[in-house]
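Participant: Can you read through this structure? Questions will come right after.
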Amino acid sequence: MIAGAAASASSRGRHHTAMTTFEIGDTDFLLDGEPHRILSGTIHYFRVHPDQWRDRVRKARLMGLNTIETYIAWNAYEPVRGRWDQTGALDVGGFLDIVADEGMHAIVRPGPYICAEWHNGGLPVWLTRMRDVRPRSSDPRYLEPVVDYLRRVYDIVTPRQIDRDGTVVLVQIENEYGAYGSDEAYLAELVRITREAGITVPLTTVDQPQPHMLRGGSTPGAHLTASFGSRSAERLATLRRHQPTGPLMCSEFWNGWFDWWGGVHHTTATAASAHDLDELLAAGASVNLYMFHGGTNFGATAGANDKGRYKPLVTSYDYDAPLDESGHPTEKYHAFREVISRYAPVPDELPPARPAAPEMTVALAPAGVRMPWIDPVASAQSVRPLTFDEIDALTPVVAYETVLPDDAFLDADALPLVFDEVRDLAWVSVDDRPVGRISRTLGERALAIPAGRRLRVVVEDQGRVNYGSRLGEAKGLIGSARLGATELTGWTATAVDVDALASAAASSFLVGAEAGDIAASVSPGEAGAASLAGPIVLVGEFDAVGGVDLFLDTATWGKGFAFVNGFPLGRYWQVGPQRTLYVPGSVVRNGRNVIVVIEWEQVVAAEARFVAEPGLGPLEE
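Note that numbering that gives the first Met the number 0 has the sequence shown beginning at 0, numbered continuously upward.
Structure, rendered in structure tokens:
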């Protein structure tokens with residue numbers, strides 16, 4: 000067993016003659032009264048297929064870690080107020096039980112705000128769109144649903160605490176709050192709610208080691224920890240000035256970074272990260288690696304940053320972590336393992352390297368579905384275009400339509416179409432003829448359109464901002480729209496249910512395939528090379544060995560979403576840097592499999608290529 004893994008952290012339900020304790024001492028964490036160093040790694044269970052949870056946790060133990068840390072994403076559990084789901088990929092209790100089965104401890108960070116490069120920072124859209132509600136504050140209108148959320152979470156966590164024969168040793172209050180605000184009453188209320196719900200293990204806060212952040216994010220009853228990725232000794236010294244007693248802990252040791260569309264693939268030098276980890280451990284501090292294993296922003300769950308320019312985040316959350324996106328050890332894994340071995344026992348067993356994935360090319364054909372692919376439940380008419388939030392759209396795409404005035408063009412062949420703002424990417428067509436695209440990232444909000452009758456603007460929410468003051472902002476067409484000097488009125492806004500569209504396409508394809516209408520898998524080079532203009536839904540099928548990971552090459556596609564056997568792999572986009580989508584082996588069936596591609600722009604070739612290894616893009620020099 001690795002250092003510090005207590006007997007009480009094994010399978011839940013095991014009988015103990017004495018209660019296991021976990022406390023904060025004068026200089027150390029204390030496990031049953033003895034000094035204990037936390038060696039933790041972050042795994043976001045909601046970014047990993049549940050069939051793979053045990054594998055990822057076990058590989059953390061094999062690297063020498065004794066603890067697993069995870070956020071809990073509120074908006075994944077309650078996308079609609081009062082409609083709570085904690086099954087399947089959201090079974091955090093099951094995940095914590097696996098951590099216990101592997102003989103490890105757990106740290107839980109329920110927010111309610113988590114950042115995590117997760118859409119809207121984990122806060123439900125129904126909450127942040129409430130008029131005049133101040134998120135992340137002691138505003139009673141905000142705290143009321145927060146209390147309900149935390150009580151539900153703590154119903155799961157409380158019986159799994161280490162002093163109740165479970166595995167949870169720490170619970171965090173909020174998340175890097177000092178970078179956002181300084182509402183002492185808010186943090187105090189979160190502590191009160193947490194203790195009242197039966198959480199008895201130590202509570203923590205985390206902030207970057209800057210004096211104003213540590214001051215603003217601290218609260219009585221919670222131990223201060225820090226987040227950083229370099230200059231460990233200096234950052235720990237700053238933390239010590241604000242937390243004079245107790246253990247030092249970097250609860251987010253940034254050993255990698257995230258990527259955004261149109262950027263590069265960010266990495267950190269293995270030797271430099273290992274050096275900073277060694278410096279941290281040599282100082283006697285505890286650590287949580289952020290990330291140990293990043294996973295994937297499946298579906299439309301990725302967030303976005305906006306510090307003057309909107310940057311939507313990519314589908315992969317590989318994070319240049321010790322365990323890569325597909326769950327295999329990297330150079331950093333072995334380097335960190337060697338560093339840890341200087342301070343704690345490390346198991347002899349090593350996980351295997353990533354094998355080459357199967358390669359194949361699959362012919363794609365247009366599916367028997369077409370625009371507008373709408374969800375009639377989320378549709379509304381208005382004078383000005385309504386936002387996603389105003390029509391309660393839970394999908395990442397909304398189609399806006401209006402009829403252009405009869406006398407709009409007169410003798411003009413074209414006129415400028417101008418929006419107050421577009422969030423975030425819009426495809427414009429007139430009488431079903433594509434006209435162009437408007438990008439928020441590029442600062443665009445206008446383009447010239449030709450004379451016509453019916454205007455359609457399909458808008459994609461590319462990811463809700465997860466950090467800073469733009470948290471909770473509305474999506475869609477914001478404000479008014481003008482054609483030349485004339486304001487356009489009489490709009491219909493209709494949600495495009497992307498998941499339902501993929502399901503309908505797959506069903507349509509399978510009916511045709513059973514009748515022998517569509518060829519399935521072909522060998523490389525034999526698939527049709529003809530390009531196809533979007534918007535279009537493409538479908539194909541392929542044979543595979545069940546349970547084997549695949550990497551889907553998207554380099555010849557434009558912009559859209561991909562699904563395998565109904566599982567949402569996520570977004571792809573030609574601008575990169577990401578060039579492949581990870582297909583978890585758990586969604587690959589033995590024998591016949593179906594792929595669906597929802598393409599908004601154009602594919603160069605009507606085929607899907609599966610390649611031997613991931614392609615996350617060019618590196619930052």
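We treat Cβ as the ideally placed atom computed from N, Cα and C, and that holds for glycine.
Just to confirm my understanding: we take D182, look at its own chain, exclude 5 residues before and 5 after, and list those with CB closer than 7 Å. What are they?
Facilitator: For D182, where only same-chain residues beyond five positions count, the Cβ hits under 7 Å are S136, S137.
Participant: Report, in whole angstroms, the separation of the C-beta atoms of I161 and V200, which I expect to be a contact under 8 Å.
Facilitator: Their Cβ separation, rounded to whole angstroms, is 6 Å, which keeps I161 and V200 in contact under 8 Å.
Participant: Keeping to the same chain, check which residues put their C-beta closer than 7 Å to that of T295; ignore five residues upstream and five downstream.
Facilitator: Cβ within range, chain order: R46, T314, S315, Y316, E324, G569, Y581.
Participant: Kindly indicate which residue of A554, W256, V610, S438 has the alpha-carbon position closest to the one of V603.
Facilitator: V603 has its Cα closest to that of A554, out of A554, W256, V610, S438.
Participant: Mind reading off the beta-carbon distance from P134 to L470? Whole number of angstroms is fine, and I expect it under 8 Å.
Facilitator: So it is a contact: roughly 6 Å between Cβ atoms.
Participant: I need the straight-line Cα distance from G177 to H241, nearest angstrom please.
Facilitator: Roughly 13 Å separates the two Cα atoms.
Participant: CA-CA distance, M103 and T41?
Facilitator: Cα to Cα, the separation comes out at about 13 Å.
Participant: Taking just the CA atoms, how far does G565 sit from S502?
Facilitator: Rounded to the nearest angstrom, the two C-alpha atoms are 6 Å apart.
Participant: Alpha carbon to alpha carbon, how far is N287 from R452?
Facilitator: C-alpha separation (whole angstroms): 58 Å.
Participant: Which residues does DSSP list as the beta-bridge partners of M248?
Facilitator: Answer is S285.
Participant: Closer than 8 Å is the cut-off here; do at least three beta carbon pairs connect the stretch 125-133 with the stretch 88-101?
Facilitator: Taking 8 Å as the limit for Cβ pairs, the verdict is that the stretch 88-101 does not touch the stretch 125-133.
Participant: Nearest-angstrom Cα distance between P208 and A605?
Facilitator: Cα to Cα, the separation comes out at about 51 Å.
Participant: Which two residues bound the contiguous alpha helix (DSSP H) that contains G298?
Facilitator: Neither: G298 is in no alpha helix (DSSP H) and is coded neither H nor E.
Participant: Work out the CA separation of P613 and L549 for me, nearest whole Å.
Facilitator: So the alpha carbons of these two residues sit roughly 9 Å apart.
Participant: By alpha-carbon positions, which one of F28, R444, V152 ends up nearest to H222?
Facilitator: The option with the nearest alpha carbon to H222 is F28.
Participant: At 4 residues or longer, and completely inside the stretch 73-152: list those alpha helix (DSSP H) runs for me, N to C.
Facilitator: Fully enclosed alpha helix (DSSP H) runs of 4 or longer: 73-76, 91-100, 124-127.
Participant: Flag this pair as touching only if the stretch 335-344 and the stretch 592-600 have three or more C-beta atom pairs under 8 Å; answer yes or no.
Facilitator: Because the criterion of three Cβ pairs below 8 Å is not met, the stretch 335-344 and the stretch 592-600 do not touch.
Participant: Taking the alpha carbon of T26 as the reference point, which residue from A105, L279, R239 has its own alpha carbon closest?
Facilitator: T26 has its Cα closest to that of R239, out of A105, L279, R239.
Participant: Assuming contact is defined by CB atoms lying nearer than 9 Å, are L322 and S285 in contact in what I supplied?
Facilitator: In this structure, S285 does not lie closer than 9 Å to L322 by Cβ.
Participant: DSSP has F566 in a bridge; who is on the other side?
Facilitator: V563.
Participant: From the DSSP secondary-structure annotation, give me the bridge partner or partners of S468.
Facilitator: DSSP lists no partner for S468.
Participant: Does the count of Cβ pairs from the stretch 190-206 and the stretch 229-237 closer than 8 Å reach three?
Facilitator: No: fewer than three Cβ pairs fall under 8 Å.
Participant: Where does the unbroken beta strand (DSSP E) through V402 begin, and where does it stop?
Facilitator: Looking at the DSSP string, the run of the beta strand (DSSP E) that includes V402 is 396-402.
Participant: Return the CA-CA distance between E330 and T491, expressed in angstroms with no decimal places.
Facilitator: Rounded to whole angstroms, E330 to T491 spans 53 Å at the Cα level.
Participant: On the premise that N465 lies in contact with W117, defined as a C-beta separation below 8 Å, what is that separation, rounded to the nearest angstrom?
Facilitator: Indeed they touch by this definition, with Cβ atoms about 6 Å apart.
Participant: Let's test the definition: count the other Cβ atoms within 10 Å of the Cβ of H211 and tell me whether it reaches 16, buried, or not, exposed.
Facilitator: Per the 10 Å Cβ criterion, exposed.
Participant: Within the chosen definition, does the stretch 388-399 reach the stretch 414-423 through at least 3 CB pairs nearer than 8 Å?
Facilitator: In short, these stretches do not touch, since the Cβ pair count stays below three.
Participant: Do you know how far the Cα of P109 is from the Cα of S250?
Facilitator: Rounded to whole angstroms, S250 to P109 spans 14 Å at the Cα level.
Participant: S468: buried (16+ other C-beta within 10 angstroms of its C-beta) or exposed?
Facilitator: It counts as exposed.
Participant: Can you name, in chain order, every residue of its own chain whose Cβ lies under 6 Å from the Cβ of S522, other than the five neighbours on each side?
Facilitator: For S522, the pLDDT reaches just 33, beneath the cut-off of 50, and the residue's location in the model is therefore unreliable, although a value from the coordinates is still provided. Once the five neighbours on either side are set aside, S522 has no close Cβ partner at all.
Participant: What are the residues that DSSP puts in a beta bridge with D305?
Facilitator: Y309, per the DSSP bridge assignment.
Participant: Buried or exposed: which applies to S530, given that a residue is buried once 16 or more other Cβ atoms fall within 10 Å of its Cβ?
Facilitator: With fewer than 16 Cβ atoms within 10 Å of its Cβ, S530 is classed as exposed.
Participant: Spell out a yes or no on whether the stretch 139-154 and the stretch 69-82 are touching, meaning 3 or more CB-CB pairs, one atom from each, closer than 8 Å.
Facilitator: Yes, the stretch 139-154 is in contact with the stretch 69-82.
Participant: On a Cα-Cα basis, can you pick out the residue from K558, K306, S226, M290 that is closest to W260?
Facilitator: When each option's Cα is compared against that of W260, the closest is K558.
Participant: Buried or exposed for E173, please, with buried defined as at least 16 other CB atoms from any protein chain shown within 10 angstroms of its CB.
Facilitator: Label assigned to E173: buried.
Participant: If you scan the stretch 208-266 from start to end, which runs of the alpha helix (DSSP H) of 4 or more residues do you find wholly inside it?
Facilitator: List check, alpha helix (DSSP H) in window: 210-215, 231-241.
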